[in-house]
Structure formats: structure tokens, C-alpha cells
Amino acid sequence: MPNVREGAPKPVPPRPPLKPEELTQVRFAERYRSGQLEHLTKGQVSQKLKLSEQYKYWNEGDVARRLQLYQHVQNITQITNIHNTTNVTVVKQVFGPDYRYYHGRITPAYAQTCFKYHYWGPSFFVGVHWYPRWHTWLEWCWHLRSHPLWDPRPIWCRPVIYDPSPRWVVWEVPVWVSLPEVPCGTWVNLRPVIVTQSYDLQLVAVRFVDPGHPEQKLGPRYRVWFRNNSDRPITKPFSVMLLASMDERLHADLPQAGVRVRAIEADDLQSVDIRLPMEVYSMGRDAQGNPAPFNTLHVLVDAHREIEDVSRANNGARLARAEVLPVDPAAFELNIKQAPAGSEVIIAGEGFGPVPGQVLVHLAGLELDAEILGWFDLGVRINLPKIPLAAPTEAELVVVRGDGAAANPLRMIVQPPR
């Protein structure tokens, strides 16, 4: 597993072989194409979230960026289907009167298992937020990876796991060309570039995955997309690296991490995840003298110049930390497949953001709002709505991030309440 540090949680062992009942699961993309998800987009909240449009763009990924959701966080209002005085009071008491993110029902006890800590992810989430303490539920979410058979993410959004890279050896990097569309780039609708008789690696995008966790001494994780523009595969290993700095200067002593890519096919796109060390959060000082994080993220593809690349200017980028957008929310798995109405359920995934959004529960023709018990970039704890059911009923759960970006639905059976 890339960049495993001393004191970090141990990697999860390989998944066991699939059980027969698991083979019946259908991937998100196939369910959407067959029209099985149309009922999810007709609810009052789903229509306001433009869920149908979000799922339409899902096949290529980069949905939140393409719908420009990051530009509208300041204008988001509470559009849940439950507008009650109790929830408004809870939000004001726990998060303050200026809480500006889209959200659903939040338990009054939300902060009891959390601590306040600064979040240095994408600019619209930067601030002091409630971090959940390192509970069993959070550890379960942290280690989970979706099985390839029903991973909801497009293939180019699934990071490849490689071994760590050696440290960067200084060389004079060129002036980088700009990444496509936005400062942190995109891999969608890129102009085809085919280089013949030579090699050309291109960095195309960078996204923020999660902030790490201070109680585990883990720093932020980023996802890096790169492409082989050549008409032939690259079979020689090369490194993809991140370095963090307080300014635009790049040198070998900076905090850094990377992975060794073993190979990449001709005209192929890959992504990798890289976690920087915890020290990047205390590289400077703010006006009050408190520790402050790095300002600039340096990204290098073929960081050790091992490939005979005809154009190194497209191999890297120098990005302002706050300009790196988050990965799209994706839900991987529920901790339980069946549960009584009103009971606790845990959802593992990625890209959920640092603040409570909403979890929609589509059940018996209704669009309901789950009560949020805990929230983190990689997982959510909820209480299912406690409604009277005469028999076990299938439900679909949809996690919605604080900027209105929605994850894929997960199915479960809700049983009559006990």
C-alpha cells in the first residue's frame, strides 16, 4: 500500500472470494443505464439537487466540477424535506449560526464524539470543523475499498495501488503547462494527443481525497491522474510524486511522498493515491503564531526522469493547496445488509467532505431523511428513519455532500421496527 508510515493503521488484507449471494449485485452504471434508478430522481429533494443530471454525468466522472458545484457553496440553502425547529436549533448550537452547507437532520449529540480541528482541504471547506474521534466505525470506513465487480466509480477514477517511490533527487524542472479546464485539471473530454515513435507522459488532474487524521498522525491524501500519450506502452517503472512547500520553490528537503508506477498502456489513463506526511500541516505559522499548513503542492510525473519523454513541460504542476478540488462522492458499502427501521447503519465511501450533508433514504415510495450521527470524508453514521413497516422492504441510501454533490445509491433491506 503506498506511503504506509510508522504508526499508521495497517493495510486491509485482500478480500475473500465472493459469496454466491454477492454475485447477484449489479453495478451502479448498469443500474442507471437500465433505468432502475429513475425513481430516485423524482423526489422533491432529489429534483432540487438535480440528481438525474448528476447521475447522467457519472459515467465519465468529475461530476461536481462539470456542474460547477464548488462555485455555489456560499449560496446553498437548506432544501431538505424536513424543515423543523428542532433541526435548525441543533445546527445553530453545534455548528454556529453561519453554517452555510447543505445538510439534513443532525443528532443533537453530534459533537459528543468529535473534536474541533482545522480542515485544510478544498477552499470552500477550509475552516475549523468537527472531526470524529478514531472510533471503530471510522476505522472500518477508512480501510474499506470497493470490490472491483461493483465499484461505482468509472474505471479511470479508481486508483491503482503501487509501491512507494524513493525520495526526489533535485533537477531543474521546466515551466509547467497549465492543466486542462481548471487549475487542478480534469481527465474528461481531453483533446486526443498521440505521439509516435516516442514517449510522452502527461499529468492531467489532481484531486483531494481525505485530510488524514490527527489522532493517527496521518496527513492528506491526493489522487493524481496521468496519461500515456504514446502509441506504445511504457513498461519501464517510473515515479509519481507530491512535494509540499510554503512557496513556489521546489527542493529535495520538502515533505514528500510518491509511488512507483510499474507500467501504463498506450493511450491509457491511470490514477494513483498518494498520502503526504502529517508534517505538511505545520510547515508555517499564521498571524496568531499557530501552526499553518503548506501553501503549494508540487506534482511530478516521472519524477526521476526515467522515461525518454519528448515533452517534460506537461509532466507536472505547481498548485495552490486550496485550489485542488475534492474527488466526487462515491459510496462503497454498508456495514449491514438488513436492519430494523430506526437502527444504526454505517456507510463507507470517499469524497463525502468534512461537514454533515444529508443521507436520503428512498423507502416504500417515500423520500426520507436519515438522522446523522457521524460524518467524515470516508464514512457516515446514520439512524434509519423509524417508520412503521408491515414487512421487510428494500431501500436505497444516497449520501449528499455539503456542496450538493450526490453519491451513488446503496441498497439494503429495512425490516419492521422492533
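Residue numbering for the sequence shown is -4 to 413, as defined by the working numbering. Backbone N, C-alpha and C define an ideal beta-carbon position, used for all residues, glycine too.
Beta bridge counterpart(s) of residue i as assigned by DSSP
i	result
Cys109	Pro127
Glu328	Ala343
Lys223	Residue identity check: residue 223 is Asn in the sequence provided, not Lys. In the DSSP output, where bridge partners are listed per residue, Asn223 has Leu196.
Trp370	Val375
Glu391	His357 and Arg406
Arg202	Arg218
Gly180	Ala200
Ala239	Leu292
Asp158	Arg255
Gln265	Phe221
Arg28	Beta-bridge pairing links Arg28 to no other residue.
Pro321	Phe203
Exposure label - residue i; buried when at least 16 CB within 10 Å
i	result
Phe110	exposed
Ala326	buried
Val204	buried
Glu260	exposed
His124	buried
Ser277	exposed
Asp414	Beyond the ends of the chain as shown, which are -4 and 413, falls residue 414; an answer cannot be given.
Gln66	exposed
Ala315	exposed
Val83	exposed
Gln88	exposed
Glu167	exposed
Asp268	buried
Pro143	exposed
Thr230	exposed
Gln39	exposed
Pro161	exposed
Ile101	buried
Arg413	exposed
Residues near residue i in its chain [Cβ-Cβ closer than 6 angstroms; skip 5 each side]
i	result
His357	Leu35 and Glu391
Ser47	Thr36
Ile341	Trp132, Asn330 and Arg376
Ile382	Ala336
Ser118	Ala317
Leu18	In this prediction, Leu18 scores a pLDDT of 44, lower than 50, which makes its location untrustworthy; no coordinate-derived value is stated.
Pro228	Glu260 and Ala261
Pro380	Val356 and Leu363
Asp281	Ala287
Arg307	Pro169
Ser225	Val190, Tyr194, Asp195 and Ala261
Cys136	Ala343, Leu373 and Gly374
Ser266	Pro154, Arg218 and Trp220
Residues of its chain near residue i, where Cβ-Cβ distance is below 7 angstroms and the 5 sequence neighbours each way are ignored
i	result
Val121	Tyr114, Trp115 and Ala317
Pro404	Leu32, Leu35, Glu391, Leu392 and Val393
Arg313	Trp171, Glu243, Thr291 and His293
Val165	His246 and Ala247
Val86	Tyr94, His98 and Ile101
Glu55	Pro149 and Val183
Through-space distance from residue j to residue i, alpha-carbon basis
i	j	result
Trp145	Tyr50	16 angstroms
Arg396	Leu361	21 angstroms
Tyr52	Val58	6 angstroms
Ser141	Gly344	8 angstroms
Glu389	Tyr105	28 angstroms
Asp93	Leu249	37 angstroms
Asp195	Leu185	15 angstroms
Trp129	Gln211	8 angstroms
Leu320	Pro178	9 angstroms
Pro414	Ile408	This structure does not reach residue 414, given that the chain is present from -4 up to 413, and the question cannot be answered.
Pro411	Asn223	53 angstroms
His208	Gln192	46 angstroms
Asp364	Gly352	11 angstroms
Val354	Asn310	39 angstroms
Lys332	Val190	49 angstroms
Pro103	Arg270	33 angstroms
Pro286	Arg22	44 angstroms
Gly180	Leu384	47 angstroms
Ile367	Ala334	16 angstroms
Ala402	Gly348	12 angstroms
Leu198	Leu174	8 angstroms
Gly30	Pro324	21 angstroms
Asn76	Ala386	With a pLDDT of 40 at Asn76, under the threshold of 50, the predicted position of this residue should be treated as unreliable, and no value is reported.
Ser338	Asn378	5 angstroms
His138	Pro206	15 angstroms
8 angstroms CB neighbourhood of residue i in its chain, flanking five on each side removed
i	result
Val322	Cys152, Arg202, Phe203, Val204, Arg218, Glu345 and Gly346
Val275	Gly214, Pro215, Ala239, Pro250, Pro288 and Phe289
Val305	Val190, Ser193, Tyr194 and Asp195
Ile74	Reliability fails at Ile74, whose pLDDT of 46 lies under 50, so the model's placement of it is uncertain and no value is given.
Gly279	Met241, Pro286, Ala287, Pro288, Phe289 and Asn290
Closer than 8 angstroms to chain D by CB, residue i
i	result
His34	The structure shown contains no chain D; it holds only a single protein chain.
Original post:
Is there contact here, the region 234 to 243 with the region 253 to 272, by at least three beta-carbon pairs under 8 angstroms?
Top reply: Touching, per the Cβ criterion.
Original post:
Touching or not, the region 282 to 295 and the region 144 to 161, by the rule of three or more beta carbon pairs under 8 angstroms?
Top reply: Under the 8 angstroms Cβ criterion, the region 282 to 295 does not count as touching the region 144 to 161, having fewer than three qualifying pairs.
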